[in-house]
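There are 2 protein chains.
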Amino acid sequence: MPKQTFLNLPQEKRQTIISAAVEEFAQFGLENASTNRIVENSGISKGSFYQYFEDKQDVFRYLLTVLEQEKMNHFKDKHPPGGNLDTFNYFRWMVKAGMEFNSAYPRMAQAVSRVLLGEGLYYGKLLTEYHQKTIQVFEMMIKQAIERGEVDPSIDVELAVMVMDTWTNAISTYILNEGMKQKDIMKWVRSAKTQEKIDKLLYVMEYGLRKTESQFSGSM
Amino acid sequence: MPKQTFLNLPQEKRQTIISAAVEEFAQFGLENASTNRIVENSGISKGSFYQYFEDKQDVFRYLLTVLEQEKMNHFKDKHPPGGNLDTFNYFRWMVKAGMEFNSAYPRMAQAVSRVLLGEGLYYGKLLTEYHQKTIQVFEMMIKQAIERGEVDPSIDVELAVMVMDTWTNAISTYILNEGMKQKDIMKWVRSAKTQEKIDKLLYVMEYGLRKTESQFSGSM
DNA sequence: AAGTCATATGACTTGCAGGTCACATTATAG
DNA sequence: CTATAATGTGACCTGCAAGTCATATGACTT
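Chain order of the listed sequences is A and B. If you want this note's numbering, it's the position in the first sequence, counting the first as 1, plus 269. If you want this note's numbering, it's the position in the second sequence, counting the first as 1, plus 269.
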């Protein structure tokens, strides 16, 4: 966390510094962010930077707390419409409120999500080609499912593809993260418990996609 | 793509080099991978490296093709059980076959997915704390939904949380990626079209979680 | 005015990255 | 055996990163 020296700074100067940091992280992610550039763009000296913070991770950690703070602020006078929503409507409201916030502070959101959710998304050029192939397979599959009457034909194909893509990614990430902790990955993957978990995840997706009906034609 | 010189190399030497590269990417991701280390660990000289490849991106691109190749090889004699599965069963088979492959070549899978799906997951220490808070909120919500009878009580809470987490991440990523292309993000986010898309995504999740029934008690 | 303490500075150190190149080694051809 | 081409080598270059530190500034005390 930032040192006292930083917290003593006039609000305006602090703001300049964190703006520069946000911009840096949004553009380069955490690993590739450069303290030199942050320093340059915020008009302070190298020495000062290290008088304020431990290192760039420290700045980032601080950013998270600022984000939390600003979110609180942003939401404190916003409440979900109509008294008692059910859990799913409440979740929907939450997600949308989050979107509103993110679009109000896009650079901030980008900086944080870039680090939290991965830099891979930003290589576009190099990887989209590879990704595209996967997408095409999914698209083919979902179109086939529609033809076969397994899925409501009014479904948004692009959306269904995104769902499938999200799932496969989530599953591989899960397998790799959990699996790497095991002494015998193969055995773990084949275990009834793991298989059941994957089955359940896929059922959630499947039922979500099958049950489309009226909701998918109108808007909400 | 690698230069001819590399392709002329004896199989064994090539293997050593790509193994070193896989290990490097698995450990450090693409940005932080060091050609120096790859060279060291594969026992070739710096000069040779640059005689074989343009740069490390080139190596990575090559790795993707190797992966594709090996996957083909691995699957060519594997076919989904029982002649004609419906699309969802086929998808399930595909996902599981992919898992099998990944656990047979875990370092390879890790190297690639780390770059494709993001390095953020590997900061563990720094970010899990922040992530944990989100997880707890979701857990609370899903437990509440069970109490209220909105969700099958036999549902696996941990799994439901993972689903919710996956979705919120997928949605923020989508919003930030698409949104940054717009001239007015806020307007775009609020547009009926975007809102509808998000609603649909959330419905897919909601129905998936609601419709649990028998499938969720047994194991497939 | 003199002294003291917090703050600010940027030249400098160290370390490692990517990439080059003159030269050494080995294979191939005539 | 020699000439020519292909392959291999590692010292060396430049560039930029993180982090340090002797020194300067200036505000506040007595």
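For every residue, glycine included, the Cβ atom is placed at its ideal position computed from N, Cα and C. Computed from a predicted model, the values in this text were never measured in an experiment.
Assuming contact is defined by CB atoms lying nearer than 8 angstroms, are residue i and residue j in contact in what I supplied?
i                      : j                      : result
residue 426 of chain B : residue 440 of chain B : no
residue 418 of chain B : residue 473 of chain A : no
residue 271 of chain B : residue 324 of chain B : no
residue 329 of chain A : residue 299 of chain A : yes
residue 380 of chain B : residue 295 of chain B : yes
residue 404 of chain B : residue 430 of chain B : yes
residue 361 of chain B : residue 471 of chain A : yes
residue 371 of chain B : residue 424 of chain A : no
residue 437 of chain A : residue 364 of chain B : yes
Is there a Cβ from chain B that is less than 8 angstroms from the Cβ of residue i?
i                      : result
residue 375 of chain A : yes
residue 448 of chain A : yes
residue 351 of chain A : no
residue 273 of chain A : no
residue 286 of chain A : no
residue 313 of chain A : no
residue 372 of chain A : yes
residue 270 of chain A : no
residue 421 of chain A : no
residue 432 of chain A : yes
residue 308 of chain A : no
residue 477 of chain A : yes
residue 410 of chain A : yes
residue 291 of chain A : no
residue 300 of chain A : yes
residue 559 of chain A : Examination of residue 559 of chain A is not possible in this model, given that chain A is present from 270 through 489 alone.
residue 304 of chain A : no
Closer than 8 angstroms, CB to CB, is residue i near chain A or not?
i                      : result
residue 364 of chain B : yes
residue 396 of chain B : yes
residue 333 of chain B : yes
residue 357 of chain B : yes
residue 327 of chain B : no
residue 413 of chain B : yes
residue 361 of chain B : yes
residue 405 of chain B : no
residue 438 of chain B : yes
residue 341 of chain B : no
residue 379 of chain B : yes
residue 344 of chain B : no
residue 483 of chain B : Interpretation of residue 483 of chain B is limited by its pLDDT of 42, a score under 50 that renders its predicted location unreliable; no figure is taken from the coordinates.
residue 466 of chain B : yes
residue 471 of chain B : yes
residue 386 of chain B : yes
residue 321 of chain B : no
According to the neighbour-count rule (16 or more other Cβ atoms, all chains shown, within 10 Å of its Cβ), is residue i buried or exposed?
i                      : result
residue 375 of chain B : buried
residue 351 of chain A : exposed
residue 463 of chain B : buried
residue 316 of chain A : exposed
residue 377 of chain B : buried
residue 461 of chain B : exposed
residue 488 of chain A : Model confidence at residue 488 of chain A stands at a pLDDT of 38, short of 50, so the residue's coordinates are unreliable; what they give is reported in the following sentence. Result: exposed.
residue 396 of chain A : buried
residue 314 of chain A : exposed
residue 382 of chain B : buried
residue 281 of chain A : exposed
residue 475 of chain B : buried
Can you tell me the Cβ-Cβ gap for residue i and residue j, rounded? I've got them flagged as a contact below 8 angstroms.
i                      : j                      : result
residue 356 of chain B : residue 413 of chain A : 6 angstroms
residue 332 of chain A : residue 290 of chain A : 7 angstroms
residue 285 of chain B : residue 311 of chain B : 5 angstroms
residue 293 of chain B : residue 283 of chain B : With 8 angstroms as the limit, residue 293 of chain B and residue 283 of chain B do not qualify as a contact, their Cβ atoms being about 16 angstroms apart.
residue 308 of chain B : residue 318 of chain B : 5 angstroms
residue 320 of chain A : residue 274 of chain A : 5 angstroms
residue 347 of chain B : residue 366 of chain B : 6 angstroms
residue 449 of chain A : residue 407 of chain A : That pair is no contact at about 26 angstroms.
Measure from the alpha carbon of residue i to the alpha carbon of each residue in the options, then state which is nearest.
i                      : options                    : result
residue 369 of chain B : A/408, A/370, A/338, A/458 : A/458
residue 401 of chain B : A/385, A/452, A/397, A/447 : A/385
residue 469 of chain B : A/442, A/399, A/358        : A/358
residue 399 of chain B : A/336, A/288, A/278, A/342 : A/336
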